[in-house]
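Visitor: Those letters in the sequence shown? Residues -19 to -1, 1 to 995, per mature numbering (1 follows the signal peptide of the UniProt record, and there is no 0), in order.
Each residue gets a CB set at the ideal place from its N, CA and C atoms; glycine is no exception.
One structure coming up, written as structure tokens, with questions to follow.
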Amino acid sequence: MVIRQDLVLAVVLFQLCAPFNLETENRVVYSGPRGSFFGYSVDFFNSNVPSILIGAPKANTSQPNVIEGGSVFFCPWSQNQSDCSTVNFDNQGDRRFHVNSVDTQVEFKSYQWFGATVRSHGNTVLACAPRYYWRTEHDTPFSDATGTCYLSVDSLKTFVEYAPCRTERHGPAGQGYCQGGFSADFTKDGKVVLGGPGSFYWQGQLISATTEEIVKSFYPSYFLLSVTGQIQTRQVQGSYDDSYLGYSVASGEFSGDNVEGEGHIYSIDLLPPFCSNAFQMGSYFGYAVAATDINNDGLDDLVVGAPMFMRRGSAGQRWEEVGRVYVFLQRQPLLFEPGQPHLAGSQAYGRFGSSLAPLGDLNQDGFNDIAIGCPFGGDDQQGLVFIYNGHANGVKNTPTQTLAGQWACGAFPASFGFALRGNTDLDQNGYPDLIVGAFGVDKAVLYRARPIVNASASLTVQPTMINPEEKSCLVSNGNETISVSCVNLSFCLSANGKHLPADLGFLVEVQLDVLKQTQKESVVRRTLFLESQQPSLLKTVTFAAGGQTCYHADIFLRSEGEFRDKLSPIYVSLNFSLDPHASLDRHGLRPILNHQTTQLIEQKAQIQLDCGEDNICVPDLKLSVYGDRTEVYLGDENSLTLTFNARNEGEGGAYEAELYVLLPPEADYSGIARNNQSLTRLTCSYEAENQTRYLLCDLGNPMKSGTSFWAGLRFTVPRLEDTHSTVQFELQIRSKNENNSESDMKLFDLEVAVVAGVILQGVSRPDKLLFPPPNWKMSHSLQEEQEVGPEILHVYELVNNGPSMISRTVLELQCPLRAQGHVLLYPLEVITQGQLNCTSNHTLNALRLKVREQHTHTHEDQVHREINRDPLAERDNLSCSTTECWRLHCQVGLLERGGSVLLTIRSRIWAETFIEQYVLECSVHYKVEKMPYTIAPKVKPSGSQKVLTTVLWNKPDSQYKVPWWIILLAILAGLLLLSLLIYALYKLGFFKRADPYGTAMEKAQLKPQASSEA
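If you want it as structure tokens, here you go:
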């Protein structure tokens, strides 16, 4: 609803239908008495000295017999914080009158909340107590909460009371529950506007009067006062009950004529049609209102808070109270329309929009700004205040600054942001300031606005194409000086603004070749400053506000071997900021850059390539891939070599060309193939990102046009699972070129197969038997096993050489048991080792003979794996093809790679049966019936083995004895033959001794000759 008097709009819209440059480090905090609700209301007061007025509605005063009557504190401002003092608006206690000769208390100032509303205009200050009571009938203890206010028009020297609702129209039907002063404001020309939301069954009302008439109508001894010229809204039909007109009040320019005139009263019906039905029920639309010219069109606009607006939560199941603020632009006098979408709070139960304050033009951009309080916002409910900047179409939808309370929520919320007041330049630096109340901790905070610097910078690199072949500069490289390619860099910086210091200091940083690379890659700077040979330049510059400064430098391109990237632009960035160490201005503040300033500027240069005039290389990359196997086996390491041919058939080089190999989860990289001299040796790196593993191999920088070479990579594929029938490698050539940068993706598939190599070995112990056995006698009544005949062991081993596992195998054994009605073999025991489960068609030890104890335990001897064959095997064999057989059927369980089972058959040979030479032949057969995979094996292994035992028959010892006379005759014949031999030798002179020097005569003849010769 609107009340207009001259250039006035007082708005109270409350229905139960639902600067970035503010200094935060050097803020001034004012504190009041504990528990006094100091900071419940705040305002600036510029009379003789810049100061602040702070209401404390629960403060105790010196008024006699008044408890928590409330107070207003006067806080003068200086750069050094000053103490606050109480303003004595009212020193008296409760007034008493004689009614019917009875002394009666007629007013009640205890708990009246004086100071809940405080407003100032020039030298004039208004402070109200909306919970003030007075007695309308002498026998009623508490009657009407009419509220009352006190006014000072001479800089807090004298005070008059203004209680427009304390009238004879008492009770809820009249102004008895008015609570006058619940809200208040001054118009631009200094008129007082009060809100009384409780009048006329809470229809509420607005009351306005000039300060001159209020002072003129005041008589201390009069309880009921009538102010000449006062205007107020009247009671209307009952449909407006509970409208709470006057809950909040704001004044502004809405008449359009800018001329003092006769007062008029407007109802809420003059607002746009959407006001009546577009707002959420229960959102408290109108809890706070503000009027200011946001879009700089000369007409004041309206900002309305709805702090209990609710939105559906992120899960869509429940509602969250976040608050909302609406902005209405006045397009023509008293014609409003939404200036933009609403401003929405984001803090659940933060009460966004509980308070609003016009700030004036904080950033000096020509548009007024506003502050919005969210007193229960923040992670700790410490309270928040959001600063929004105005523009031509309303208010920007995101805040440019957020102020946070410094006091976390305790037993009672700090309520930082419950009271706001701005649009006053307290320190006279040309920028408006802001006061924020936090009555829950009895604090009020002053934020001063800093001067805004509008700065701009320019950056140039000339020329922008760096030719590595043109060496125009010299640079020292260790002990030598080399020629390098150079270009020129220059930047300029300018700044201006309002109310700035005489000189401005800036920090300027220039970074060369800032590459956009992944975190794992190091930043490779391809260019450096010629003077410092560093990739960055940091300078501090100072110049007068409104001026400009420039700087020039040479940068050079490093040698080709020091970097790889030749395609990416060489980005040169300039970043500037105000010097944080510059001296403060005379107001104790340091300027700040306009938040819309572009502080980061980038330019780029390019390395000239051998790619024609357009400097664009277009490769044509081709890739062929071959493998040394087509399938891999479950359970094996599966070594694999992939050989590939990489080609560039395009018209330009491929820069930073790499072979990209995406490894399947089952595979591991082993290294480069080196077994062929024709293969190129590559440099490869193995990378892993999350679950992705890949290989990058350098193919050249550039991989020139016409390049073609072969190379190989080695892998293993050990982690196969039978859930996938194939394993796939992905290979591709990639480069950093903008055009045709990749080859086609090549897929190399390996089939997953199930293969197991199974070996069956058998041996006979012993492999030959001589009959009859020693000391054996035929017995017709057998008691022990050794009476049957010699022992024989048949040992069989089934081994899975893999690589895959087998889970079920059948092992069949056959040995001859009878031949022509005679028993050949007497099986005694079957000894197993491993997962074997056997059954037989013949009872072991059928005669229940006594078994030797040493053979009752599990056999643990090592099996001989060689198969011994004997030439006698070609004789007549006793096998299952010619005799009655003993069969043994065994089931073999799971055998992993290298696993085996051992089967030992201990038997006895029936000695009385064997009177000739035979070969006893046993055969064993295996067949794999199942392998533990979902992938079916191509072949299930099977095979057989024969084990031969040779039986030799020997004659009895009695048939070979030699008679004694033959032996004697042989001895005598030998002696005779020896005698004849000796006689013959004698006759031949064999036994005569020969002298080596001849006869004596021969010796004598030899001596002289010997002497002579001597």
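At 4 residues or longer, what runs of the alpha helix (DSSP H) sit wholly inside the region 26 to 52?
Guide: Segments of the alpha helix (DSSP H) lying fully in the region 26 to 52: there are none.
Visitor: Suppose the cutoff is 6 Å on Cβ atoms and the five residues either side in sequence are ignored; what does the same chain contact list for A991 look like?
Guide: Taking the sequence shown and counting its residues from 1, the one referred to as residue 991 is at position 1010. Confidence at A991 is low in this model, with a pLDDT of 35, below 50, so its placement is unreliable and the value that follows should be read with caution. Nothing listed; no residue qualifies.
Visitor: For S881, which of T930, R789, I952 has the nearest alpha-carbon?
Guide: The residue given as residue 881 occupies position 900 in the sequence shown. When only C-alpha atoms are compared, the closest one is R789.
Visitor: Excluding the 5 residues preceding and the 5 following P989 in the sequence, name in chain order all residues of the same chain whose CB lies nearer than 7 Å to its CB.
Guide: Locating residue 989 in the sequence shown gives position 1008, where the first residue counts as 1. Residue placement at P989 is poorly supported in this model, since its pLDDT is 42, which falls under 50; the coordinates are not used for a value here.
Visitor: So, with DSSP's three-state summary, where would you put W893?
Guide: The count along the sequence shown starts at 1 and reaches residue 893 at position 912. A small fix is needed here, since residue 893 is Glu in this sequence, not Trp. In this structure, E893 counts as helix in the three-state DSSP scheme.
Visitor: From L805 to L817, what distance separates their C-alpha atoms?
Guide: Counting from 1 along the sequence shown, the entry for residue 805 is found at position 824. Counting from 1 along the sequence shown, the entry for residue 817 is found at position 836. Answer to the nearest angstrom: the Cα atoms are 26 Å apart.
Visitor: What are the boundary residues of the beta strand (DSSP E) that V270 is part of?
Guide: Residue mapping note: residue 270 aligns to position 289 of the sequence shown, counting from 1. V270 -> beta strand (DSSP E) spans 269 to 273.
Visitor: Which residues in the same chain as N596 place their Cβ atom closer than 8 Å to its Cβ, once the five residues preceding and following it in sequence are excluded?
Guide: For the purposes of this step, residue 596 is identified with residue 615 of the sequence shown, where counting begins at 1. Excluding sequence neighbours, N596 sits near M446, Q587, Q589, L590.
Visitor: Assign L765 to one of two classes, buried (16 or more other C-beta atoms within 10 Å of its C-beta) or exposed (fewer than that).
Guide: Start at 1 with the first residue of the sequence shown, and residue 765 comes out as number 784. A quick correction: the sequence has Glu, not Leu, at residue 765. With fewer than 16 Cβ atoms within 10 Å of its Cβ, E765 is classed as exposed.
Visitor: Report back the beta-carbon spacing between F510 and L519 to the nearest angstrom; my notes put them in contact at under 8 Å.
Guide: Within the sequence shown, numbered from 1, the residue matching residue 510 stands at position 529. Within the sequence shown, numbered from 1, the residue matching residue 519 stands at position 538. With 8 Å as the limit, F510 and L519 do not qualify as a contact, their Cβ atoms being about 11 Å apart.
Visitor: Go to I947, then tell me how far its alpha helix (DSSP H) extends in each direction, as first and last residue.
Guide: For this step, residue 947 is matched to residue 966 along the sequence shown. Per DSSP, I947 belongs to the alpha helix (DSSP H) from 945 to 968.
Visitor: Which first and last residues belong to the alpha helix (DSSP H) in which T688 is found?
Guide: Sequence index remark: in the sequence shown, residue 688 carries index 707 (1-based). T688 -> no alpha helix (DSSP H), and no H or E assigned at all.
Visitor: Three or more beta-carbon pairs under 8 Å between the region 671 to 683 and the region 733 to 741, yes or no?
Guide: no
Visitor: Taking the alpha-carbon positions, what's the Q795 to L741 distance?
Guide: Here residue 795 refers to the residue found at position 814 of the sequence shown. Here residue 741 refers to the residue found at position 760 of the sequence shown. Using only the alpha carbons, I get a separation of about 15 Å.
Visitor: Any beta carbon of chain B sitting closer than 8 Å to that of Q211?
Guide: As a matter of chain content, chain B is missing from the structure shown, which is built from one protein chain.
Visitor: Grab the span of the alpha helix (DSSP H) containing I195 for me, first residue to last.
Guide: Here residue 195 corresponds to residue number 214 of the sequence shown, with the count starting at 1. Unbroken alpha helix (DSSP H) run through I195: 192 to 197.
Visitor: Restricting to Cα atoms, I'd like to know which of H870, F199, E583, H323 is closest to Q492.
Guide: The residue given as residue 492 occupies position 511 in the sequence shown. The residue with the shortest Cα to Cα distance from Q492 is E583.
Visitor: For L187, tell me which candidate among L206, A231, E149 has the shortest Cα-Cα distance.
Guide: Position 206 of the sequence shown, counting from 1, holds the residue named residue 187. Of the listed residues, the one whose Cα sits closest to L187 is A231.
Visitor: Ordered along the chain, which non-local residues of its own chain (more than five positions away) have a Cβ less than 7 Å from that of L663?
Guide: Residue 663 sits at position 682 when you count from the first residue of the sequence shown. Hits under 7 Å: I653, C678, D679, A692.
Visitor: Between which residues of its own chain and A338 is the CB-CB distance below 6 Å, once the five residues before and five after are set aside?
Guide: In the sequence shown, the residue the question calls residue 338 occupies position 357. Here the set comprises A352, L401, R402, G403.
Visitor: Are there 16 or more other CB atoms within 10 angstroms of the CB of L107, so buried, or fewer, so exposed?
Guide: For the purposes of this step, residue 107 is taken as residue 126 along the sequence shown, with counting starting at 1. Burial call: buried.
Visitor: Mapping DSSP to helix, strand and coil, what is E793?
Guide: Along the sequence shown, read from residue 1 onward, the residue named residue 793 stands at position 812. In this structure, E793 counts as strand in the three-state DSSP scheme.
Visitor: Grab me the residues of C866's own chain with a C-beta within less than 7 Å of its C-beta, minus the 5 sequence neighbours each way, in chain order.
Guide: Here residue 866 refers to the residue found at position 885 of the sequence shown. Closer than 7 Å at Cβ, skipping near neighbours: Q795, C796, P797, L798.
Visitor: Please classify W94: is it buried, with 16 or more other beta-carbons within 10 angstroms of its beta-carbon, or exposed?
Guide: As a first step, residue 94 is located in the sequence shown; it is residue number 113 there, counting from the start. Looking at its Cβ environment, which holds 16 or more other Cβ atoms inside 10 Å, W94 is buried.
Visitor: Taking Cβ to Cβ, would you say Y675 is nearer than 8 Å to V642?
Guide: Against the sequence shown, residue 675 aligns to sequence position 694. Against the sequence shown, residue 642 aligns to sequence position 661. A contact, by the Cβ cut-off of 8 Å.
Visitor: Within 10 Å of its beta-carbon, does G279 have 16 or more other beta-carbons around it, so buried, or fewer, so exposed?
Guide: Counted from its first residue, the sequence shown places residue 279 at position 298. So G279 counts as exposed.
Visitor: Suppose contacts are defined by Cβ-Cβ distances below 8 Å. Is V23 in contact with G418 by that definition?
Guide: Within the sequence shown, numbered from 1, the residue matching residue 23 stands at position 42. Within the sequence shown, numbered from 1, the residue matching residue 418 stands at position 437. For V23 and G418, yes; Cβs fall inside 8 Å.
Visitor: Please tell me whether N575 and N344 are closer than 8 Å, where the distance is taken between their beta carbons.
Guide: The sequence position of residue 575 within the sequence shown is 594, counting from 1. The sequence position of residue 344 within the sequence shown is 363, counting from 1. Yes, these two residues count as a Cβ contact at 8 Å.
Visitor: Let me know if H151 comes out buried or exposed under the rule of 16 or more other beta-carbons within 10 Å of its beta-carbon.
Guide: Working through the sequence shown from its first residue, we reach residue 151 at position 170. H151 comes out buried.
Visitor: Kindly indicate the opening and closing residues of the beta strand (DSSP E) around Y221.
Guide: For the purposes of this step, residue 221 is identified with residue 240 of the sequence shown, where counting begins at 1. Unbroken run through Y221: none, as it is neither H nor E.
Visitor: Measure the Cβ-Cβ separation of Y428 and D414 and say whether it is below 8 Å.
Guide: Your numbering for residue 428 matches position 447 in the sequence shown. Your numbering for residue 414 matches position 433 in the sequence shown. Yes.
Visitor: Identify the continuous alpha helix (DSSP H) that holds S180 and give its terminal residues.
Guide: Indexing the sequence shown from 1 puts residue 180 at position 199. First-last of the alpha helix (DSSP H) with S180: 180 to 183.
Visitor: With a 10 Å radius around its C-beta and 16 neighbouring C-beta atoms as the bar for buried, classify D360 as buried or exposed.
Guide: For the purposes of this step, residue 360 is taken as the residue at position 379 of the sequence shown. Counting Cβ neighbours within 10 Å, D360 comes out exposed, since fewer than 16 surround it.
Visitor: Report the CB separation of L559 from T521 in whole angstroms; it is logged as a contact under 8 Å.
Guide: The residue labelled residue 559 in the question sits at position 578 within the sequence shown. The residue labelled residue 521 in the question sits at position 540 within the sequence shown. Between L559 and T521 a beta carbon distance of about 11 Å is seen, past the 8 Å cut, so the two are scored as non-contacting.
Visitor: Suppose the cutoff is 7 Å on Cβ atoms and the five residues either side in sequence are ignored; what does the same chain contact list for H823 look like?
Guide: The count along the sequence shown starts at 1 and reaches residue 823 at position 842. Here the set comprises L798, P808, W867.
Visitor: Which residue from P288, R77, A97 puts its Cα closest to that of A165?
Guide: Numbered from its first residue, the sequence shown carries residue 165 at position 184. Selected option, being the one with the closest Cα: A97.
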